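Undergrad:
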Amino acid sequence: MTVRDSEFAAVALLFFASAQGFVVSEPGFGGWDVEPIPGPPGLPLPVEQFYEFQSLDHFDGSNFQYWKQRYFMNNVTYRAGGPVFLMLGGQSAANPVWLVTGAWYEYAREHGAFMVLLEHRFFGESTPTDNITSSSLRFLSSRHALADTAQFIADLKRWYQHPIQDSKVIVFGGGYSGSLAAWMRSHYPYIVDGAVASSAPIFATLDFTEYYVAVTNTLASVNPACPIAIKNATSTMYEWWGQPDKRIIMQKIFRLCDKINHDAILDLTVFFYNLAENFARVVQFNGLDLQFLGLKNNNVTIEQVCDVMRDESRGDSVHRYAAVNSMVLDSIGQECTNVQYTKLITSLNQTNWGSESAKGGRQRLYQRCGEFGWARTSESMKQSFGNFWTFPWNFTSDQCANVIWHTWGGSQVQDKCDETNRFYGGLELPISNVVFVNGALDPWRVVSSNGTLPNAYGDHESILIEGTAHCADMMPPKMTDPPGLVDARKKISDHIGLWIK
Numbered sequence: 148m149t150v151r152d153s154e155f156a157a158v159a160l161l162f163f164a165s166a167q168g169f170v171v172s173e174p175g176f177g178g179w180d181v182e183p184i185p186g187p188p189g190l191p192l193p194v195e196q197f198y199e200f201q202s203l204d205h206f207d208g209s210n211f212q213y214w215k216q217r218y219f220m221n222n223v224t225y226r227a228g229g230p231v232f233l234m235l236g237g238q239s240a241a242n243p244v245w246l247v248t249g250a251w252y253e254y255a256r257e258h259g260a261f262m263v264l265l266e267h268r269f270f271g272e273s274t275p276t277d278n279i280t281s282s283s284l285r286f287l288s289s290r291h292a293l294a295d296t297a298q299f300i301a302d303l304k305r306w307y308q309h310p311i312q313d314s315k316v317i318v319f320g321g322g323y324s325g326s327l328a329a330w331m332r333s334h335y336p337y338i339v340d341g342a343v344a345s346s347a348p349i350f351a352t353l354d355f356t357e358y359y360v361a362v363t364n365t366l367a368s369v370n371p372a373c374p375i376a377i378k379n380a381t382s383t384m385y386e387w388w389g390q391p392d393k394r395i396i397m398q399k400i401f402r403l404c405d406k407i408n409h410d411a412i413l414d415l416t417v418f419f420y421n422l423a424e425n426f427a428r429v430v431q432f433n434g435l436d437l438q439f440l441g442l443k444n445n446n447v448t449i450e451q452v453c454d455v456m457r458d459e460s461r462g463d464s465v466h467r468y469a470a471v472n473s474m475v476l477d478s479i480g481q482e483c484t485n486v487q488y489t490k491l492i493t494s495l496n497q498t499n500w501g502s503e504s505a506k507g508g509r510q511r512l513y514q515r516c517g518e519f520g521w522a523r524t525s526e527s528m529k530q531s532f533g534n535f536w537t538f539p540w541n542f543t544s545d546q547c548a549n550v551i552w553h554t555w556g557g558s559q560v561q562d563k564c565d566e567t568n569r570f571y572g573g574l575e576l577p578i579s580n581v582v583f584v585n586g587a588l589d590p591w592r593v594v595s596s597n598g599t600l601p602n603a604y605g606d607h608e609s610i611l612i613e614g615t616a617h618c619a620d621m622m623p624p625k626m627t628d629p630p631g632l633v634d635a636r637k638k639i640s641d642h643i644g645l646w647i648k
């Protein structure tokens, strides 16, 4: 099946019900369509995978259930006395290509590090329970992920044949796994000696209105006429939704999978959010060559979509908006755009491990509802993708109630966000030996550290790289990298050198 679907609508996900699974524009790379690749020339992937026995519930001493957590290792860069570099898994299957490429591979070569990649519980082949019902997913949380990591590091040092018992440990991550890296250093400083947190959101909030404001501002920085054309298109489309002849036009030019149901207001929300997500995805990953990860991505850029939105030869603003949609669909090999809310809910209510939902969509929704929120809404008048009611925060909280727990409404989700911020410290987390790295184009920088950390101590830095996007510092270095990115990587390596002394 080749159907594009809005999986998490106002929260941050695009769901593609294809044979491969999910494609998203959430923090990190969790959920993308992944095709197996052999790795860079001369650097074969480590094919052997290992498993660590983990407690199902680290916080219940009476629970003696265990499960197997998958991990990968590579010792080709290791030199005696070198550190352990641990890449934390995010909200997708662990991808072993990271063990042979990426900026951290260059850091490992420089510092003689032993490289390890740990998969996150409830993703990939790390399946702690028989299914992903809401009852089972109560064991899915960032706190359990940190406890898994602490136990894993202790066991790795105890049992692995290389003399790493006394090695310093540096953790890495991007997006959500970057958040985990920072929180790991903050909560387990006696286990982890430093953290590199790339594009890491650390402030939880239900109503993340700033996201689409940031997308709009980035588009305007490239061409001020771009977000104006988008706003004109969305305003016209809202009027067209109520006109039968215009709905027929939208049905065709936006390549919709199903006929528009004028009376289904939630379908309208799904439709507008999917189209907004086209621009969010382009902005968030602008200029990144993600094909080394095996991802379906043809590098549609901000300049390209803005050129389309300004090209009057393509027709009115609505037809140009549709042309951008087709450009994105074609770039990832999808045929049509879904507008049915019922498809969204039906998909997310699948609870067996063999379902499309189990590839990450349901688990990510659970964590958004239960810990982070991050509902990317249209409620600010400073964004261009619809009116404030087009995709509001309650559309997300309603999904939490319809899919996860019927009692999880807006106030409950915000309470859980507040609890997360109290536990970790939000933007004031107490931490040392950390580098936060963000791209100036990345909308997620709004909920990450972009400046002074008031409760930080010791060695720490927040780096903002102009002209770069989400997790750009993690990518394999290229000769064409901008000077700011090159400088940021040098700073990261220098910090690591201090931490492992």
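Sequence positions in the sequence shown follow the working numbering and run 148 to 648.
Positions of the beta carbon are idealized from the N, C-alpha and C atoms, including for glycine.
Please read these numbers as outputs of a predicted model, since none were measured by experiment.
Between the C-alpha atoms of F200 and L611, what's the straight-line distance to the nearest angstrom?
TA: As a first step, residue 200 must be located in the sequence shown, where it is residue number 53. As a first step, residue 611 must be located in the sequence shown, where it is residue number 464. Whole-angstrom Cα-Cα distance: 38 Å.
Undergrad: I think P310 touches W214, with their Cβ atoms under 8 Å apart; what is that distance to the nearest whole Å?
TA: Stepping through the sequence shown from its first residue, residue 310 is reached at position 163. Stepping through the sequence shown from its first residue, residue 214 is reached at position 67. About 29 Å separates the two Cβ atoms, so there is no contact after all.
Undergrad: What span of residues does the alpha helix (DSSP H) with D354 cover, start to end?
TA: Numbered from its first residue, the sequence shown carries residue 354 at position 207. D354 -> not in any alpha helix (DSSP H); beta strand (DSSP E) instead, spanning T352 to D354.
Undergrad: Tell me where the alpha helix (DSSP H) around E386 begins and ends.
TA: Position 239 of the sequence shown, counting from 1, holds the residue named residue 386. Where E386 is concerned, the enclosing alpha helix (DSSP H) stretches over A372 to W387.
Undergrad: Taking the continuous beta strand (DSSP E) assigned at A344, which residues delimit it?
TA: On the sequence shown, residue 344 is found 197 positions in, with the first residue counted as 1. Taken as a continuous stretch (DSSP letters only), the beta strand (DSSP E) holding A344 covers G341 to S345.
Undergrad: Using DSSP's beta-bridge definition, name the partner residues of R217.
TA: Start at 1 with the first residue of the sequence shown, and residue 217 comes out as number 70. Paired residues: Y198.
Undergrad: Do you know offhand how far E266's Cα is from N534's?
TA: As a first step, residue 266 must be located in the sequence shown, where it is residue number 119. As a first step, residue 534 must be located in the sequence shown, where it is residue number 387. Approximately 40 Å between the Cα atoms of the pair.
Undergrad: Using only CA atoms, which one of F401, P539, T489 and G605 lies nearest to S527?
TA: Here residue 527 is taken as the residue at index 380 of the sequence shown, counted from 1. Answer by Cα proximity: P539.
Undergrad: Going along the chain, which residues of its own chain have a beta-carbon closer than 8 Å to the beta-carbon of S288, five neighbours each way excluded?
TA: Numbered from 1 along the sequence shown, position 141 holds the residue referred to as residue 288. Once the five neighbours on either side are set aside, the close Cβ partners of S288 are Q514, G517 and E518.
Undergrad: Between A344 and G325, is the Cβ-Cβ spacing less than 7 Å?
TA: As a working note, residue 344 is residue 197 in the sequence shown. As a working note, residue 325 is residue 178 in the sequence shown. It is a contact, given that the beta carbons lie within the stated cut-off.
Undergrad: Can you tell me the Cβ-Cβ gap for G520 and V560, rounded? I've got them flagged as a contact below 8 Å.
TA: Numbered from 1 along the sequence shown, position 373 holds the residue referred to as residue 520. Numbered from 1 along the sequence shown, position 413 holds the residue referred to as residue 560. Yes, they are in contact, since the Cβ atoms of G520 and V560 sit about 6 Å apart, within 8 Å.
Undergrad: Whole-angstrom Cβ separation of H617 and D641, contact assumed at under 8 Å?
TA: Taking the first residue of the sequence shown as position 1, residue 617 is located at position 470. Taking the first residue of the sequence shown as position 1, residue 641 is located at position 494. With 8 Å as the limit, H617 and D641 do not qualify as a contact, their Cβ atoms being about 23 Å apart.
Undergrad: Taking all protein chains shown into account, do 16 or more other C-beta atoms lie within 10 angstroms of the C-beta of V223, making it buried, or fewer, making it exposed?
TA: Here residue 223 corresponds to residue number 76 of the sequence shown, with the count starting at 1. Label assigned to V223: exposed.
Undergrad: Strictly by DSSP, which residues pair up with M262?
TA: By one-based count along the sequence shown, residue 262 stands at place 115. In DSSP, M262 forms a bridge with N221 and F232.
Undergrad: What would DSSP say about G271, mapped onto helix, strand or coil?
TA: Your numbering for residue 271 matches position 124 in the sequence shown. Reduced to three states, the DSSP call for G271 is coil.
Undergrad: Can you name the start and end residues of the beta strand (DSSP E) that A522 belongs to?
TA: Here residue 522 refers to the residue found at position 375 of the sequence shown. First-last of the beta strand (DSSP E) with A522: G520 to A522.
Undergrad: Taking the alpha carbon of Y712 as the reference point, which residue from V447, K506, K490 and N425 has its own alpha carbon closest?
TA: For the chain, the structure presents residues 148 to 648; residue 712 sits outside this window and is missing.
Undergrad: Excluding the 5 residues flanking V455 on each side, which residues of the same chain have their C-beta closer than 6 Å to its C-beta?
TA: Taking the first residue of the sequence shown as position 1, residue 455 is located at position 308. Contacts found: R467, A470 and V471.
Undergrad: Once DSSP output is grouped into helix, strand and coil, what is the label at G208?
TA: As a working mapping, residue 208 is identified with position 61 in the sequence shown. Three-state DSSP puts G208 in coil, outside helix and strand.
Undergrad: Can you tell me whether I412 is helix, strand or coil according to DSSP?
TA: Here the question's residue 412 lines up with position 265 in the sequence shown. I412 falls in the helix class under three-state DSSP.
Undergrad: Taking only the alpha-carbon atoms, compute the straight-line gap between L413 and Q487 and give it to the nearest angstrom.
TA: Taking the sequence shown and counting its residues from 1, the one referred to as residue 413 is at position 266. Taking the sequence shown and counting its residues from 1, the one referred to as residue 487 is at position 340. Roughly 8 Å separates the two Cα atoms.
Undergrad: With a CB to CB cut of under 8 Å and the five nearest residues on each side skipped, what residues in its chain are close to K638?
TA: The residue given as residue 638 occupies position 491 in the sequence shown. Closer than 8 Å at Cβ, skipping near neighbours: V582, E608 and I610.
Undergrad: A351 and N585 - do their beta-carbons sit closer together than 7 Å?
TA: Along the sequence shown, one-based indexing puts residue 585 at 438. Along the sequence shown, one-based indexing puts residue 351 at 204. Against a cut-off of 7 Å, the Cβ pair of A351 and N585 comes out as no contact.
Undergrad: Mind checking T489: buried by the 16 CB within 10 Å criterion, or exposed?
TA: Residue 489 sits at position 342 when you count from the first residue of the sequence shown. T489 comes out exposed.
Undergrad: Would you call the CB atoms of P193 and N221 closer than 7 Å?
TA: The residue you call residue 193 lines up with position 46 of the sequence shown. The residue you call residue 221 lines up with position 74 of the sequence shown. It is a contact, given that the beta carbons lie within the stated cut-off.
Undergrad: In or out: T554 buried (at least 16 other Cβ within 10 Å) or exposed?
TA: Position 407 of the sequence shown, counted from the start, is the residue given in the question as residue 554. Exposed, since its Cβ has fewer than 16 Cβ neighbours within 10 Å.
Undergrad: Between which two residues does the alpha helix (DSSP H) carrying G508 extend?
TA: The count along the sequence shown starts at 1 and reaches residue 508 at position 361. From DSSP, the alpha helix (DSSP H) with G508 extends over G508 to Q514.
Undergrad: So, under 8 Å CB-CB, R523 and Y358 are touching, yes? Tell me the CB distance rounded to an integer number of Å.
TA: If you number the sequence shown from 1, residue 523 lands on position 376. If you number the sequence shown from 1, residue 358 lands on position 211. Right, their Cβ atoms sit about 4 Å apart.
Undergrad: From F197, K304 and S281, pick the residue whose C-alpha is nearest to that of E272; which is it?
TA: In the sequence shown, residue 272 corresponds to position 125, counting from 1. Selected option, being the one with the closest Cα: F197.
Undergrad: To the nearest angstrom, how far is the alpha carbon of F439 from that of N364?
TA: Counting from 1 along the sequence shown, the entry for residue 439 is found at position 292. Counting from 1 along the sequence shown, the entry for residue 364 is found at position 217. Looking at the two C-alpha atoms, the distance is approximately 29 Å.
Undergrad: Out of M262, G229, P230 and H258, which has the shortest C-alpha to C-alpha gap to V244?
TA: Translated into the one-based positions of the sequence shown, residue 244 becomes position 97. Checking every option, the nearest Cα to that of V244 belongs to M262.
Undergrad: Among the candidates A367, I375, R285 and S281, whose CA atom is the shortest distance from the CA of D207?
TA: Sequence index remark: in the sequence shown, residue 207 carries index 60 (1-based). The residue with the shortest Cα to Cα distance from D207 is R285.
Undergrad: Between which residues of its own chain and F300 is the CB-CB distance below 8 Å, once the five residues before and five after are set aside?
TA: For the purposes of this step, residue 300 is identified with residue 153 of the sequence shown, where counting begins at 1. It is Ile, not Phe, that sits at residue 300 in the sequence shown. Contacts found: V231, L233, V316, I338 and V339.
Undergrad: Pull up the distance between the alpha-carbon of E253 and that of M626, whole angstroms please.
TA: Sequence index remark: in the sequence shown, residue 253 carries index 106 (1-based). Sequence index remark: in the sequence shown, residue 626 carries index 479 (1-based). If you take the alpha carbons of E253 and M626, they lie about 14 Å apart.
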